Amino acid sequence: MNLVLRRVAAMAPALIGVVVCIFVLTRVLPGDPARTLAGDQADPSVVAKLRTDMGLDQPLHVQLVRYFDDLLHGDLGFAWHTGQSVTSDFASRLPATVELALVALLIALLAGIPLGVISATRRDRPVDHAGRVFSLLGASMPLFWLGLMVIVVFYNQLGWAPAPLGRVAEGVNPPTHLTGLYVLDSLLTGDLVALRSSLSHIIWPALCLATGSTAIIARMTRSAMLEVIGQDYVRTAVSKGLKPSVVTLKHALKNAAPVIVTVSGLQFGQLMGGAVITETVFTWPGIGSYVVQSVLATDYAPVQAFTLLAAVVYLAANLVVDLVNARLDPRIADA
Numbered sequence: 001m002n003l004v005l006r007r008v009a010a011m012a013p014a015l016i017g018v019v020v021c022i023f024v025l026t027r028v029l030p031g032d033p034a035r036t037l038a039g040d041q042a043d044p045s046v047v048a049k050l051r052t053d054m055g056l057d058q059p060l061h062v063q064l065v066r067y068f069d070d071l072l073h074g075d076l077g078f079a080w081h082t083g084q085s086v087t088s089d090f091a092s093r094l095p096a097t098v099e100l101a102l103v104a105l106l107i108a109l110l111a112g113i114p115l116g117v118i119s120a121t122r123r124d125r126p127v128d129h130a131g132r133v134f135s136l137l138g139a140s141m142p143l144f145w146l147g148l149m150v151i152v153v154f155y156n157q158l159g160w161a162p163a164p165l166g167r168v169a170e171g172v173n174p175p176t177h178l179t180g181l182y183v184l185d186s187l188l189t190g191d192l193v194a195l196r197s198s199l200s201h202i203i204w205p206a207l208c209l210a211t212g213s214t215a216i217i218a219r220m221t222r223s224a225m226l227e228v229i230g231q232d233y234v235r236t237a238v239s240k241g242l243k244p245s246v247v248t249l250k251h252a253l254k255n256a257a258p259v260i261v262t263v264s265g266l267q268f269g270q271l272m273g274g275a276v277i278t279e280t281v282f283t284w285p286g287i288g289s290y291v292v293q294s295v296l297a298t299d300y301a302p303v304q305a306f307t308l309l310a311a312v313v314y315l316a317a318n319l320v321v322d323l324v325n326a327r328l329d330p331r332i333a334d335a
């Protein structure tokens with residue numbers, strides 16, 4: 001419990017700093033939200049009235065204090081370009097982003113960890129060289145380019161992927177709302193039609209989103225495994241005649257786990273951020289595409305709320321990583 005309290009207390013200053021930085025940055029960006037909302041031909045008096053309604057006529061420090069007060073009351077602001085509160089918009093779109101990030105993280109873990117382990121246990125062999133080339137390409141490949149290539153090749157040319165429009169095909173009803181995660185809701189309600197459609201729609205953007213994380217997890221897993229494999233206790237286990245699979249899984253992978261957990265936790269935060277690009281390319285109705293629309297409309301509140309959400313996700317992921325690592329290695333809890 002002391003570890004949790006210490007970690008949570010350390011998160012507060014970082015969170016406050018993020019809020020202040022993002023608030024100031026959104027205010028110094030070019031563009032006038034009131035003018036954008038009113039239109040280029042609007043009368044100056046109409047623009048001035050909108051600026052007053054939006055609170056933009058107040059001094060910057062007054063706006064900041066009011067923003068903090070609203071956050072403490074759970075108010076993320078009002079999205080002028082949708083005409084709804086940011087909380088309401090987030091509630092309807094956040095499940096789509098979370099589902100996409102979770103599926104991408106699952107793909108990255110299922111592919112990245114075995115690839116890293118195989119590369120380490122077969123060092124300098126062809127499979128190791130192939131894994132290192134994949135890690136290099138995957139980590140350096142631009143996400144928007146990869147998404148466009150997937151649409152062009154697998155949708156336009158081969159016809160394997162469904163149209164990149166939404167979470168289910170046109171004419172298929174979404175599953176009954178339980179969690180907002182279509183795949184999970186389809187399983188819980190036994191809606192096989194919605195399950196097939198939601199899986200076929202999420203797999204392609206999730207694969208694109210997972211490519212970079214898979215490469216990084218594979219690379220870090222390989223490095224951690226190589227370091228552990230060189231330790232005396234692993235060589236002792238080999239000399240005792242234990243099966244290679246037992247040595248790899250029980251002795252090497254277990255001791256390399258803290259590094260893999262740390263990288264995986266950080267990648268989840270990265271996936272949430274990368275969803276902005278993926279959702280825009282695949283017309284995925286999540287928070288990412290919503291934020292892009294907000295930026296184009298010079299709408300401050302949704303951009304600030306998304307940045308705050310991303311910071312909270314990063315900090316929460318770090319907290320979970322610390323707790324899991326402390327469980328795996330009790331010495332970390334006292335560090």
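The numbering of the sequence shown is full-length UniProt numbering, which starts it at 1 and goes up by one.
A virtual CB, placed ideally from N, CA and C, is assigned to each residue, including glycine.
None of the values given here were measured: they were computed from a predicted structure.
Reference residue i; option with closest CA among the options
| i | options | result |
| --- | --- | --- |
| L64 | K240, R27, R327, A79 | R27 |
| A169 | V303, W284, L328 | W284 |
| A206 | E279, G180, N255 | E279 |
| Q267 | A139, I202, C21 | A139 |
| L309 | L5, V46, A48, A91 | A91 |
| I277 | L209, Y314, S245 | L209 |
| F176 | L148, V228, D191, L105 | Before going on, a small fix: residue 176 reads as Thr here, not Phe. Among L148, V228, D191, L105, the Cα nearest to that of T176 belongs to D191. |
| V321 | G274, V263, T307 | V263 |
| S223 | L37, A237, L242, V259 | V259 |
| I118 | F306, A326, R219, Y314 | R219 |
| L195 | L178, P174, G180 | P174 |
Residue i to residue j span [Cα, whole Å]
| i | j | result |
| --- | --- | --- |
| A316 | L60 | 30 angstroms |
| D75 | Q304 | 12 angstroms |
| M272 | V98 | 7 angstroms |
| H251 | D128 | 21 angstroms |
| A120 | Y182 | 37 angstroms |
| V291 | L188 | 30 angstroms |
| L71 | G77 | 8 angstroms |
| W80 | S294 | 9 angstroms |
| L146 | T221 | 24 angstroms |
| L148 | Q58 | 43 angstroms |
| D53 | L323 | 45 angstroms |
| I217 | I107 | 11 angstroms |
Run of the alpha helix (DSSP H) containing residue i, from where it starts to where it stops
| i | result |
| --- | --- |
| P258 | 254-282 |
| V320 | 300-328 |
| D185 | 182-189 |
| D128 | 126-140 |
| D89 | 86-121 |
| Q157 | Run containing Q157: none; DSSP gives neither H nor E here. |
Outcome for residue i when other beta-carbon atoms lying within 10 angstroms are tallied against a minimum of 16
| i | result |
| --- | --- |
| I16 | exposed |
| G159 | exposed |
| M225 | buried |
| H201 | buried |
| T214 | buried |
| A163 | exposed |
| Y233 | exposed |
| R6 | exposed |
For the segment 191-236, which segments carrying the alpha helix (DSSP H) assignment without a break, of at least 4 residues, lie completely within its bounds, in sequence order?
-> 192-229
Ranges of the beta strand (DSSP E) found wholly within the segment 18-59, counting only runs of at least 3 | none
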